[in-house]
Amino acid sequence: MRLSAIFQTLILAALVVCCALWANGEDESKYFTWEITYGTISPLGKPQQGILINGQFPGPPMELITNDNVIVNVINKLDEPFLITWNGIQQRKNSWQDGVLGTNCPIPPGTNWTYKWQAKDQIGTYFYFPTIAMQRAAGGFGALNVAQRSVIPVPYPTPYGEFTFIVGDWYNTNHKDLRQRLDAGEVLPLPDGLLINGHPSGLTFKGETGKQYMFRVTNVGISTSINFRIQGHTMLLVEVEGSHNLQVEYESLDIHVGQSVAVLVTLNANPKDYYIVASSRFTEHTILNTTAILQYDKSNTPASLPWPSGPTYQIHWSMKQARTILLNLTANAARPNPQGSYHYKTINITTTIELSNTETTINGTLRYAVNGISYSDPGTPLKLADYFKIPGVFTLNSIGYSPPPAGTPAKLGVPVIGRNLHDFVEIVFQNEDKKKVQSWHLDGYSFYVVAYGHGTWSPADREKYNMNDAIYRHTVQVYPAGWSAILVSMDNKGMWNLRSGIWDREYLGQQLYVRVWDSQESLFLEYDIPQNALLCGKAKRR
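In numbering that gives the first Met the number 0, the protein residues as written are 0 to 541.
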C-alpha cells in the first residue's frame, strides 16, 4: 500500500474514533453509593426518627446531564424493606428500574440493590423519594436536577447560579405511627408545618446584585399544595417538569404535590435581604408557612415584615393560573427538535379512560378507590408476574374505563389497564372530594394537560380543550369537585404506576397500573430483566 493510502486510512480511522468519542462523550456514567439509615432529626424543633441518605436529611442532590447513565447502589440499613423512585425520570423502555411495588421487589433490611438507568432525553427539575410503607413522610427524598448537554441550547440566558428548594409539609410523627393510624382507619390530620430543604426557617441564599439566578422548586410533601413567592421580586417561569414553557412572569406560583418548576429571578432590587415564602394552599382554616432569606451580596439590611402576601383557598385563582402555563412551541427540549413538532391535536384518540376517586370503607376500615377498586398489593410485583407469566397475580382490564354506577360498593383488587404500544389515550381525572385538591402522577411518561374544569366532565367539555400548546408534564392537579383532562401517547413499553400524589390516599389504595404492551420482543422496545433483579412472592423461585 502506498504511503498516501496508508496516511488516508489512518486519518479516516482517527476521524471514526473522534466521531465515536464525540457522539458518546457526554453519555457519562455517574456512580452513587447510598446508605439508608435512621437518624434523629428535629425539623420543627421536636426530635424524631428520620430516614437519612448517607447521614443527610434531605438526601444528597443528584446533579446530572442529559443522557447520563446512572448507577445507584442502595444499601438498606433500616429495619424494614425499602424502595426508591425517580419522580419524573421516564425510564425509557426500563420499568424494571421504576422503584415501586408493582415493578420491583423491595430491598430487604441489611441488603443492597443497584439501580441502573439513563436520564435519556431528559432535562429539567425532578426529585427522588421512597415509595413504600409511608417512608416518604420520614425523609429519604432529595433533588434530582438534569442539565442540558453542551450541544443543546435552552431558551433563556445561562443563569449566574442555581438554588434548589425542596419544599414540603411535615409531621412531627414517626412514619410507622402514621402508617398505624391509616391502617386503623384514621384520617391524617393537618401537617405540623412546612419545610424548605429540611428547615422551617433560617436558610439563607446569597446572590450578587444584578445577576440572574435559577430557582428550582419542588413540592415533596405528602398532602399539601403550596404557594411560592419572593418578596420584592417577580419570577420568570422557564421550565415545568422537563418542558420549556411559554415564559411568563409571576408574583407567586402554586406548586401542587409532586410538581416541580424552575424560575429565573434577577437580583435588581435594593441590595438588602428579602423573604422567600412558601405557604399552604387550600388548608382553609390554618395556613402553614415556611421562610428563607434571599440575601444580596451588598446587603446590610435584614429582611423586614410583612411577608409577601399570597392566595389561601381561592380555587378559581389557582385554576386560572394553571391555564396560563403553556408549552413553548419554538423551544427544544433535551433534543434539538422543537417541542411543538409533535402535533398531538392531529392524532386520533384510541380510547378514553375516566377515573374517579372516592373515599370508602372496605371490611370496616378506611380506603380510597379508583372506579370502585382500591389497590391492594398482591405481594408479587406485577412486572415479574407478567414477565414470568405467573397466573393469579393480576388480570388485565380488571378496572372499568369509567366510574361504576352510584351506590356500587367499592372492593379491594389489583386494577391494571392494558394498552397497546403507541395507543393515544385520553384520561379524565374526576375529583369527587369537594374540599381537597388531588394530584395524579404517571410513571414512565409525561402527558399534555389539555383542560381543567369544575363539576362533572362530559364529552362536550372537549370543546374547551387546549389542542395547541398544552403544557407537557408528569403530574397534574385536580381541583375539588372538578376534573382535569390529559392526552398521553403510550410510547414507553412496560408496567407503569398511575397513582395519587397524596400519599395517604396512595397508601390506602388510590392507584393502579397501566401495562403498555407490544407482541414484538425487542430490546429496541424494552430492556430485558436485569441480571440483579430481586425476586419475591410467587416469582421467588423463578
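All residues carry an ideal CB built from backbone N, CA and C; glycine is no exception.
Please report the residue range of the beta strand (DSSP E) in which Gln429 lies. 423-430
For Leu63, which residues from the same chain have a beta carbon less than 8 angstroms from its beta carbon, with the 5 sequence-adjacent residues on both sides left out? Lys29, Val69, Ala118, Leu143, Asn144, Val145, Ala146
Run of the beta strand (DSSP E) containing Glu238, from where it starts to where it stops: 234-239
I'd like to confirm the pairing. Which residues does DSSP put opposite Gln211 in its beta bridges? Thr265
The beta strand (DSSP E) that contains His453, what's its start and end? For His453, the enclosing beta strand (DSSP E) starts and ends at 446-453.
Report the three-state DSSP secondary structure of Asp176 (helix, strand or coil). helix
Rounded separation between Lys410 and Pro335 - CA only: 48 angstroms
By Cβ distance below 8 angstroms, which residues in the same chain neighbour Ile106 in space, the five residues on each side in sequence not counted? Val73, Asn75, Pro80, Phe81, Leu82, Trp112, Leu533
How big is the Cα-Cα spacing for Tyr451 and His342? Inter-residue distance for Tyr451 and His342 is about 20 angstroms (C-alpha atoms, whole angstroms).
Assign Leu383 to one of three DSSP states: helix, strand, or coil. Helix.
Report yes or no: do three or more beta-carbon pairs, one from the stretch 186-195 and one from the stretch 278-295, lie closer than 8 angstroms? yes
Residues in its own chain within less than 6 angstroms of Leu51 by CB, not counting five upstream and five downstream? Only Thr36, Gly38 meet the Cβ criterion.
Pair within 7 angstroms by beta-carbon distance, Ser483 and Phe428: A contact, by the Cβ cut-off of 7 angstroms.
DSSP three-state assignment for Tyr168, whether helix, strand or coil: As written in the sequence, residue 168 is Asp, which differs from the Tyr given in the question. Three-state DSSP puts Asp168 in a strand.
For Pro129, name the three-state secondary structure that DSSP assigns. strand
Have a look at Asp527 and Phe126 and give me their C-alpha separation to the nearest angstrom. 26 angstroms
Tell me Trp439's beta-bridge partners as DSSP assigns them. Val475, Ser499
Report back the beta-carbon spacing between Thr323 and Gly339 to the nearest angstrom; my notes put them in contact at under 8 angstroms. Their Cβ separation, rounded to whole angstroms, is 18 angstroms, which puts Thr323 and Gly339 out of contact at 8 angstroms.
Starting from Ala321, trace the beta strand (DSSP E) in both directions and tell me its first and last residue. Taken as a continuous stretch (DSSP letters only), Ala321 belongs to no beta strand (DSSP E), being part of the alpha helix (DSSP H) at 314-322.
Apart from the five residues on each side of it in sequence, which residues of its chain come closer than 6 angstroms, Cβ to Cβ, to Leu522? Cβ contact annotation for Leu522 (same chain, cutoff 6 angstroms, sequence separation greater than five): none.
Given a cut-off of 7 angstroms on the beta-carbon distance, is the pair Leu381 and Met494 in contact? yes
When burial is assigned at 16 or more other CB atoms within 10 Å of the CB, is Ser149 buried or exposed? Counting every other CB atom within 10 Å of its CB across the protein chains shown gives Ser149 a total below 16, marking it as exposed.
Are the CB atoms of Lys297 and Thr208 nearer to each other than 7 angstroms? Using a Cβ distance threshold of 7 angstroms, Lys297 and Thr208 count as a contacting pair.
Between Phe227, Trp95, Gln48, which lies nearest to Gln530 when the distance is taken from Cα to Cα? Closest by alpha carbon: Trp95.
Relative to the C-alpha of His421, which candidate in Asn491, Asp468, Glu250 has its C-alpha closest? Taking only the C-alpha atoms, the option nearest His421 is Asn491.
Buried or exposed, going by whether 16 or more other CB atoms sit within 10 Å of the CB of Asn53? exposed
Kindly indicate which residue of Ile292, Gly309, Val413 has the alpha-carbon position closest to the one of Leu252. Gly309
Indicate whether the contact test is met: 3 or more Cβ pairs, each with one atom in the stretch 385-404 and one in the stretch 458-477, closer than 8 angstroms. no
Between the CA atoms of Val264 and Val413 - distance to the nearest angstrom: 46 angstroms
How about Val260 and Val276: are their beta carbons less than 7 angstroms apart? no
Check for me: the beta strand (DSSP E) holding Arg514 runs from which residue to which? Run containing Arg514: 510-516, per the beta strand (DSSP E) assignment.
How many whole angstroms separate the CB atoms of Asp437 and Val477, which I take to be in contact at a CB cut-off of 8 angstroms? The question names Asp, yet the displayed sequence has Gln at residue 437. Cβ atoms of Gln437 and Val477 come within 8 angstroms of each other, at about 4 angstroms.
Is the stretch 124-140 touching the stretch 173-183 in the sense that three or more CB pairs, one from each, lie closer than 8 angstroms? yes
What are the boundary residues of the beta strand (DSSP E) that includes Asn47? A small fix is needed here, since residue 47 is Gln in this sequence, not Asn. Run containing Gln47: 47-52, per the beta strand (DSSP E) assignment.
According to DSSP, which residues form a beta bridge with Asp272? Gln294
Can you tell which of Ala137, Asn244, Phe204, Val449 has the C-alpha that lies nearest to the C-alpha of Val424? Check the Cα spacing between Val424 and each of Ala137, Asn244, Phe204, Val449: the tightest is with Val449.
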